[in-house]
Amino acid sequence: KLLMLSAIFALAVTPWEHGFPVWFVVLVFVREAIILLGIAFMYGFLRKIEMGPNWPSKATTVLQMACVVWILIDFRSAAPELVWVIRLTAVFMVVSTGIYIREGIRQFAKSKQAKTESDSDATPSPSNDTGESTRDAEST
């Protein structure tokens, strides 16, 4: 990740004829920040993270690599196509980030629900007249 971020940043700030646009670099860094902050938040509150890669995330990585190689090889004749590949990469970045956010929210809600259920199981049941708890009386 760090190598990819470094390459994208370097190709945006150096004087390559066809480098990365600033909005793309910002999008890459914002995406990575959202993912890292989400992981830190989830680990801080849940103490566990159950998240694997998704296919749009894998496509994002492949497309980012393709863009870096494309710029380094300096295909001058294919510069218009590079713009479309960069845009496609941006779409996949947004989609995969949305998937990660949705999955994080789902796990957080699931954990909160499980905690609520375990708290309600720990509270004693009210007793009936015979001294048995209502749960015991209902099961007989």
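For the sequence shown, my numbering gives the first residue as 950, with consecutive numbering after it. Idealized CB from N, CA, C, for every residue including glycine.
DSSP on residue i, reduced to helix/strand/coil?
i	result
residue 966	coil
residue 996	coil
residue 1061	helix
residue 1007	helix
residue 1044	helix
residue 950	coil
For residue i, report the span of its alpha helix (DSSP H) as first-last.
i	result
residue 1002	Residue 1002 -> no alpha helix (DSSP H), and no H or E assigned at all.
Pick out whichever of the options has its Cα sitting closest to the Cα of residue i.
i	options	result
residue 954	964, 966 and 982	982
residue 972	1059, 966 and 958	958
residue 1059	997, 1042, 1016 and 1045	997
residue 964	1038, 1021 and 1036	1021
residue 1053	1012, 978 and 995	995
residue 1001	1048, 1065 and 1014	1048
Short of 8 Å in beta carbon distance, which residues of its chain neighbour residue i, apart from the five on each side in sequence? Order them along the chain.
i	result
residue 1046	980, 983 and 984
residue 969	957, 960, 961, 1016, 1020 and 1035
residue 1031	967, 1016, 1019, 1020 and 1024
So, for residue i: in the same chain, excluding its five sequence neighbours on each side, which residues have a beta-carbon less than 6 Å away from its beta-carbon?
i	result
residue 993	none
residue 986	none
So, at 7 Å on beta carbons, what are the nonlocal neighbours of residue i in its own chain, with the 5 sequence-adjacent residues on each side left out?
i	result
residue 1039	973 and 976
residue 1044	1005
residue 1003	1045 and 1048
Determine the direct distance from the alpha carbon of residue j to that of residue i, and round the result to whole angstroms.
i	j	result
residue 1057	residue 989	13 Å
residue 950	residue 1010	9 Å
residue 1050	residue 1029	32 Å
residue 1042	residue 1006	7 Å
residue 999	residue 1055	11 Å
residue 1033	residue 991	35 Å
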